[in-house]
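For the sequence shown, position 200 matches number 200 in UniProt numbering, and the numbering has no gaps at all.
All residues carry an ideal CB built from backbone N, CA and C; glycine is no exception.
Nothing here was measured: the structure is a model prediction, and the numbers come from that model.
Below you'll find the structure, written out as structure tokens, and then a few comments.
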Amino acid sequence: MKFSPILRSAVLLRRYKRFLADVRLPNGDITTIHCPNTGSMKHCIVENSPCWYSISDNPKRKYPFTWEIATTPWGHLAGVNTRRANYLVREAIDMGVISELQGYDFIKSEVRYGDENSRIDFLLGSQRQPDCYVEVKNVTLGMESGLGLFPDSVSQRGSKHLRELMSIVQQGYRAVLLFCVQHTGICLVSPADNIDAVYGQTLRQALSVGVEVLAYGAQIGEGEIVLVDRLAISV
Numbered sequence: 001m002k003f004s005p006i007l008r009s010a011v012l013l014r015r016y017k018r019f020l021a022d023v024r025l026p027n028g029d030i031t032t033i034h035c036p037n038t039g040s041m042k043h044c045i046v047e048n049s050p051c052w053y054s055i056s057d058n059p060k061r062k063y064p065f066t067w068e069i070a071t072t073p074w075g076h077l078a079g080v081n082t083r084r085a086n087y088l089v090r091e092a093i094d095m096g097v098i099s100e101l102q103g104y105d106f107i108k109s110e111v112r113y114g115d116e117n118s119r120i121d122f123l124l125g126s127q128r129q130p131d132c133y134v135e136v137k138n139v140t141l142g143m144e145s146g147l148g149l150f151p152d153s154v155s156q157r158g159s160k161h162l163r164e165l166m167s168i169v170q171q172g173y174r175a176v177l178l179f180c181v182q183h184t185g186i187c188l189v190s191p192a193d194n195i196d197a198v199y200g201q202t203l204r205q206a207l208s209v210g211v212e213v214l215a216y217g218a219q220i221g222e223g224e225i226v227l228v229d230r231l232a233i234s235v
């Protein structure tokens, strides 16, 4: 996923009111930008650290700048715009990077499904094999050791999606939870049991009934973010 124009740099001052952040521009001006992340953003909010933002050409937006990349306490980069995750995964599927999701004839996005009124991120279909339901989660919580954790705050919605995927498997279809790891320092992904024990328990239950779990890591820069390789998972 290329940024055009490339992202602009600033210095992060603070995040507040969930969807706002103040940054200092290279000319010294301080401005407010949109924060497109509903999580806690643990280890992604480092005061006086470099950050990067995009600029919207929508004249109706109150805050035309959007925070895209943060610097972690250990100097790694994290893609904090959760809306980018689905674009990255779709691009990686189309480019053949995610080998586990190849061989399907079509891909549909945001398809209604399940008993809990959900929408699946991607539905892959083919006459040669069962349909595949893919739920995407963005991972930005990284530890100094290289361990990545999800979620970064209690996520009832995340557990709901796991229950929906389990139901899909019981119906004879393929179900995949895909962690999109927008973090240059993560090499292993695990459930964040200390943050949301219910999610961890539900994830292990989902694995036991046949839900597949994948994790793919990204290269991150001011000009492009792209998924490049599969990461290990520990549950």
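Asked: Mind checking whether Arg-230 and Ala-206 have CB atoms under 8 angstroms apart?; Found: no
Asked: Where does the unbroken alpha helix (DSSP H) through Leu-77 begin, and where does it stop?; Found: No alpha helix (DSSP H) contains Leu-77, which is instead part of the beta strand (DSSP E) from 77-79.
Asked: Distance check for Pro-130 and Phe-65, CA to CA, integer angstroms please.; Found: 42 angstroms
Asked: Rounded to a whole number of angstroms, what is the C-alpha to C-alpha distance between Tyr-53 and Glu-110?; Found: 27 angstroms
Asked: Over the uninterrupted alpha helix (DSSP H) stretch that includes Ala-85, give me the two end residues.; Found: 84-94
Asked: State the beta-bridge partners of Trp-67 as determined by DSSP.; Found: Tyr-53
Asked: For the region 111-173, which segments carrying the alpha helix (DSSP H) assignment without a break, of at least 4 residues, lie completely within its bounds, in sequence order?; Found: 156-170
Asked: Of all the options Ser-145, Asp-105, Thr-31 and His-43, which has the alpha carbon lying nearest to the alpha carbon of Gln-127?; Found: Asp-105
Asked: What does DSSP give as the partner residue(s) for Asp-229 in the beta ladder?; Found: Gly-217
Asked: Assuming Glu-47 and Arg-14 form a contact by the criterion Cβ under 8 angstroms, report the distance between their Cβ atoms to the nearest whole angstrom.; Found: 7 angstroms
Asked: Under 8 angstroms: do the region 77-90 and the region 32-42 share three or more Cβ pairs, one atom per stretch?; Found: yes
Asked: What are the boundary residues of the alpha helix (DSSP H) that Ser-208 is part of?; Found: 197-208
Asked: How should Gly-148 be labelled, buried or exposed, when 16 other C-beta atoms within 10 angstroms of its C-beta is the threshold for buried?; Found: buried
Asked: Can you look up Glu-222 in the DSSP assignment and give me helix, strand or coil?; Found: coil
Asked: Are Gly-114 and Lys-137 touching if we call contact CB-CB under 8 angstroms?; Found: no
Asked: Distance, Cα to Cα, Val-176 vs Phe-122?; Found: 10 angstroms
Asked: Report, in whole angstroms, the separation of the C-beta atoms of Ala-21 and Cys-44, which I expect to be a contact under 8 angstroms.; Found: Not confirmed; about 11 angstroms, so no contact.
Asked: Buried or exposed, going by whether 16 or more other CB atoms sit within 10 Å of the CB of Arg-18?; Found: exposed
Asked: With H, G and I counted as helix, E and B as strand and the rest as coil, what does DSSP make of Glu-212?; Found: strand
Asked: Per DSSP, what are the beta-bridge partners of Phe-106 in this structure?; Found: Gly-125
Asked: On the DSSP letters alone, give me the boundaries of the beta strand (DSSP E) that Asp-22 sits inside.; Found: 20-24
Asked: If you drop the 5 nearest sequence neighbours on each side, which residues of the same chain put their C-beta closer than 8 angstroms to that of Ser-56?; Found: Pro-64, Phe-65 and Thr-66
Asked: In this structure, does DSSP put Leu-101 in helix, strand or coil?; Found: helix
Asked: Please name the residue in Thr-31, Ile-186, Pro-151 and Lys-160 whose C-alpha comes closest to that of Arg-119.; Found: Lys-160
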